[in-house]
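Here is the structure we will look at, set down as structure tokens.
There are 2 protein chains.
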Amino acid sequence: MKKLINKPEDVVKEALEGIAALHSDLVRVDLENQIIVRADAPLQGKVGVISGGGSGHEPMHGGFVGHGMLDAACPGAIFTSPVPDQMLAATKAVNGGAGVLHIVKNYTGDVLNFEMAAELAQAEGIEVASVVTNDDVAVQDSTYTAGRRGVGVTVLLEKIVGGMAEAGAPLAAVAEMAQRVNNQGRSMGMALTSCTVPAKGSPTFELGADEMEIGIGIHGEPGRRRVKLASAAEITEMLATPIISDLGLKAGERVLAFVNGMGGTPLIELYVVANELAKILKGKNISIARSLVGNYITSLEMAGCSITLLRLDDDMIRYWDAPVHTAALRWGM
Amino acid sequence: MKKLINKPEDVVKEALEGIAALHSDLVRVDLENQIIVRADAPLQGKVGVISGGGSGHEPMHGGFVGHGMLDAACPGAIFTSPVPDQMLAATKAVNGGAGVLHIVKNYTGDVLNFEMAAELAQAEGIEVASVVTNDDVAVQDSTYTAGRRGVGVTVLLEKIVGGMAEAGAPLAAVAEMAQRVNNQGRSMGMALTSCTVPAKGSPTFELGADEMEIGIGIHGEPGRRRVKLASAAEITEMLATPIISDLGLKAGERVLAFVNGMGGTPLIELYVVANELAKILKGKNISIARSLVGNYITSLEMAGCSITLLRLDDDMIRYWDAPVHTAALRWGM
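Residue numbers (our numbering), protein chains in the order written: chain A, 221 to 553; chain B, 221 to 553.
Here it is in structure tokens:
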């Protein structure tokens with residue numbers, strides 16, 4: 221295992237300390253509760269927006285804490301759900317009296333723990349709404365999931381809903397928008413290589429030198445099929461076609477196109493995929509109204525990519541474009 | 221070779237097409253000359269700022285074209301210098317009558333070709349100034365270099381000088397600032413793994429399973445020494461100490477701390493390194509006034525990192541903070 225780490229068991233804690241040291245203008249880190257909180261939280265009268273999940277997907281979620289996106293993030297151990305206590309601490313830290321939205325990716329542990337945290341917070345008088353993202357069209361059930369997995373749409377949802385909360389929308393409206401974004405977005409990913417969880421020290425799965433996994437999950441969970449390595453054009457087609465079909469995208473519609481790197485793939489390759497995706501969409505007369513290209517929801521050093529398409533409406537565009545200032549996404553300020 | 225590409229010889233062209241398709245609001249791509257030009261160039265009366273070099277280091281330089289940074293970038297083939305014709309075409313495309321600055325990383329091919337392009341542009345009546353970055357403290361001469369290599373400082377310089385040009389500064393002042401930033405910055409990198417150039421199809425160099433290369437260049441050129449894998453704390457010390465020493469940083473000074481990923485290293489590991497760097501600097505009473513963490517000057521999918529420290533002055537901070545809108549760096553707009 222070749223990694224820039226000290227002890228495997230200290231990776232998450234030390235990365236949090238690094239975030240605290242370099243981004244103290246944006247966030248504060250509560251090491252005891254292992255949460256990242258917006259520096260100016262809680263904001264009175266603003267809906268709090270939090271998310272969380274296993275570490276190893278950086279910048280998600282900690283890199284999205286700041287003005288116009290998340291108020292807090294709860295990182296678990298690598299590829300391991302955070303615990304309800306973390307989520308409760310985050311909920312309380314961002315509660316400004318207008319309620320808190322929990323953004324939960326659909327993995328069994330995350331869902332159960334966020335449900336418990338929501339109950340605990342409600343018992344303390346904090347109004348909580350939740351949205352569960354389940355945008356991965358690759359598989360219906362998976363290693364850690366009943367139903368579809370939550371993946372790339374989560375990033376887009378956090379930005380859009382965060383912008384809406386920042387603008388002062390009430391909890392019910394923010395939660396409704398979260399559901400709408402999840403409903404209108406679909407994703408699918410693939411891997412060229414495995415990743416290695418530090419505590420395990422060996423690759424999560426094995427792929428032959430001429431193989432790739434289509435429909436991979438963000439923890440290396442099996443996808444739809446293991447096939448021979450193909451061209452970027454063929455791979456993009458394999459990912460985009462099920463997404464477009466499942467979403468029922470039609471000529472004349474407009475999308476946000478998100479080409480995401482799994483962590484170990486160079487940006488130049490992501491732009492080759494983006495080019496193929498743009499050609500496919502153009503061929504179907506679907507316009508790319510907004511885009512995002514880069515490593516935003518990763519699987520440690522896995523090589524590969526995912527594609528997410530989100531059918532946009534005017535409100536989504538307005539809140540996507542709204543100012544944001546986090547470690548990983550920033551514009552307008 | 222496992223890559224998200226079509227034909228190896230088409231990677232750069234297709235990535236440029238992808239950039240054109242997804243960032244048409246920011247840039248236009250001249251495929252014939254293989255250059256990326258700011259969408260609104262040339263800006264009358266503004267100093268043009270261009271850079272270029274081999275591809276494979278994305279987002280550098282193409283991802284830095286836009287308001288407040290570069291006016292154009294000239295990508296060569298992967299790890300191969302662009303040719304004078306590209307540089308001349310870029311210079312002409314951004315010439316708004318106030319002259320053009322060439323930002324050149326110190327590699328023999330880049331330096332010679334930019335010199336020739338400058339002569340050709342001057343023969344056409346365009347005033348050109350040049351700065352050569354040579355911030356890598358690892359080695360004095362290298363595979364492709366007489367003198368020190370130009371690496372991470374180039375990113376910071378492009379932002380600061382781009383901000384100054386955007387504010388309307390004349391060519392002489394912009395060139396002077398470029399030299400100042402180069403003089404006040406130092407870098408050093410390391411690799412855990414090699415990268416693979418698509419046209420070659422096999423790793424550039426071999427590293428044992430328990431080895432790393434300290435002082436690596438951004439094309440996999442040999443560094444200072446090949447040693448046994450060490451902890452993040454030890455690696456950060458190996459990189460930061462020569463930088464701090466060479467720069468003569470003293471207690472009470474302030475720096476921009478840049479922890480850069482080589483392309484294949486997950487962000488969580490970069491924050492572990494950032495944490496170690498912050499501890500080292502704190503121990504020397506050097507303050508981190510600004511920071512940047514992520515993949516900005518890469519070597520394809522190489523795993524590893526580099527550290528750059530830039531001694532800041534008030535002007536540098538002002539132009540670092542100035543609005544920028546490019547594909548890879550954006551704030552304030």
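Glycine residues also receive a C-beta, built at the ideal position from the N, C-alpha and C atoms.
- Message: Assuming L512/A is part of the beta strand (DSSP E), what are its boundary residues?
- Response: The continuous beta strand (DSSP E) containing L512/A extends over residues S507 to G514.
- Task: Check E378/A in the structure and name its three-state DSSP category.
- Result: Helix.
- Query: Can we say the region 523 to 530 of chain A touches the region 467 to 484 of chain A, given the rule of at least three CB pairs closer than 8 angstroms?
  - Reply: Yes: at least three Cβ pairs fall under 8 angstroms.
- Starting from A235/B, find everything on chain A with Cβ-Cβ shorter than 9 angstroms and list it in chain order. Contact of A235/B with chain A by beta-carbon distance below 9 angstroms involves L487, I488, E489, L490, Y491, V492, A494 and N495.
- Task: Please check if any C-beta of chain A sits within less than 8 angstroms of the C-beta of T300/B.
- Result: No, T300/B does not count as interfacial toward chain A.
- Query: In whole angstroms, what is the alpha-carbon distance linking N505/B and A261/B?
  - Reply: Taking the straight line from one Cα to the other gives about 43 angstroms.
- Report, in whole angstroms, the separation of the C-beta atoms of V381/B and L459/B, which I expect to be a contact under 8 angstroms. With a Cβ gap of about 25 angstroms, V381/B and L459/B do not count as contacting.
- Message: So, for N326/B: in the same chain, excluding its five sequence neighbours on each side, which residues have a beta-carbon less than 7 angstroms away from its beta-carbon?
- Response: Around N326/B: V352, T353, N354, T365, G367, R368, R369 and G370.
- Task: Keeping to the same chain, check which residues put their C-beta closer than 6 angstroms to that of A349/A; ignore five residues upstream and five downstream.
- Result: So the list reads L321, L391 and A395, once near-sequence residues are dropped.
- Other residues of its chain near I256/A: CB distance less than 6 angstroms, five sequence neighbours each side excluded: Taken in chain order, the residues that qualify are V247, V249, G282, V285 and A293.
- Whole runs of the alpha helix (DSSP H) within the region 360 to 408 of chain A, excluding any shorter than 4 residues: The qualifying runs are 373 to 386 and 391 to 403.
- Below 7 angstroms between beta carbons is the criterion; list the residues of the region 426 to 458 of chain B that meet it against any residue of chain A, in chain order. So the close ones are L449, S451, A452, A453 and I455.
- Task: Taking only beta-carbon positions, decide if R400/A is within less than 8 angstroms of chain B.
- Result: For R400/A, the nearest beta carbon of chain B is not closer than 8 angstroms to its own beta carbon.
- Query: Roughly how many angstroms separate the alpha carbons of G399/A and H277/B, rounded to a whole number?
  - Reply: Checking the sequence shown, residue 399/A turns out to be Gln, not Gly. Taking the straight line from one Cα to the other gives about 38 angstroms.
- Query: If you measure beta-carbon to beta-carbon, which residues of the region 255 to 279 of chain B are closer than 8 angstroms to chain A?
  - Reply: Of all residues in the region 255 to 279 of chain B, only S275, G276, E278 and P279 place a beta-carbon less than 8 angstroms from a beta-carbon of chain A.
- Length of the line joining the Cα atoms of P423/A and L290/A: One C-alpha to the other measures close to 32 angstroms.
- Residue environment, S244/B, which counts as buried when at least 16 other CB atoms sit within 10 Å: So S244/B counts as exposed.
- Message: From the DSSP secondary-structure annotation, give me the bridge partner or partners of E431/B.
- Response: Answer is K448/B, bridged to E431/B.
- Could you tell me how far apart the beta carbons of G483/B and C415/B are, in whole angstroms, since I believe they sit closer than 8 angstroms? Confirmed, about 7 angstroms.
- Task: Compare the C-alpha of T236/B against each of M307/A, V492/A, R446/A and M408/A and name the closest.
- Result: Note that residue 236/B is Leu in the sequence shown here, rather than Thr. Ranking M307/A, V492/A, R446/A and M408/A by CA distance to the CA of L236/B puts V492/A first.
- Item | Range of the contiguous beta strand (DSSP E) that encloses N480/B | Unbroken beta strand (DSSP E) run through N480/B: R474 to G481.
- Identify every residue that forms a DSSP beta bridge with V232/B. Paired residue(s): none; V232/B is not in a bridge.
- Nearest candidate by alpha-carbon position, reference R446/A, set P279/A, L467/A, A411/A and H439/A: Relative to the Cα of R446/A, the nearest Cα in the group P279/A, L467/A, A411/A and H439/A belongs to A411/A.
- Could you say which of N226/A, L532/A, P279/A and E252/A lies nearest to P486/B if we only look at CA atoms? Checking every option, the nearest Cα to that of P486/B belongs to P279/A.
- Item | Neighbourhood of Q187/A by C-beta distance below 7 angstroms, restricted to the same chain and skipping five residues each side | In the structure displayed, chain A extends from 221 to 553; residue 187/A sits before or after that span and is not available.
- Name, in chain order, the residues that DSSP records as bridge partners for G268/B. Paired residue(s): V320/B.
- Query: When DSSP builds the beta bridges, which residues end up paired with H281/A?
  - Reply: Looking at the DSSP assignment, H281/A forms no beta bridge with any residue, so it has no partner.
- Item | Contact with chain B by S511/A, beta-carbon distance below 8 angstroms | At least one beta carbon of chain B lies nearer than 8 angstroms to the beta carbon of S511/A.
- Task: Using a Cβ cut-off of 8 angstroms (strictly closer), state whether L290/B contacts chain A.
- Result: Cβ-Cβ to chain A under 8 angstroms: no for L290/B.
- Message: Given this structure, state the Cα-to-Cα distance separating A523/B from A393/A, to the nearest angstrom.
- Response: Their backbone Cα atoms lie some 43 angstroms apart in a straight line.
- Task: Give, in chain order, every residue of the region 221 to 253 of chain A whose Cβ lies closer than 7 angstroms to some Cβ of chain B.
- Result: Contact residues of the region 221 to 253 of chain A toward chain B are K222, K223, L224, I225, N226, V231, E234, A235, E237, G238, I239, A241 and L242 (C-beta to C-beta distance below 7 angstroms).
- Item | Option in N495/A, V417/A and G428/A with minimal Cα separation from K223/A | The shortest Cα separation from K223/A among N495/A, V417/A and G428/A belongs to V417/A.
- Can you list, in chain order, the residues of the region 520 to 534 of chain A whose Cβ is nearer than 7 angstroms to any Cβ on chain B? Listed in sequence order: L520, E521, A523 and C525.
- Task: Pick helix, strand or coil for L532/A, following the three-state DSSP scheme.
- Result: L532/A sits in coil when the DSSP states are folded into three classes, being neither helix nor strand.
- Query: Quick one: what's got a C-beta closer than 8 angstroms to L183/B's C-beta in the same chain, skipping five residues either side?
  - Reply: This structure cannot settle anything about residue 183/B, because the visible part of chain B is limited to 221 through 553.
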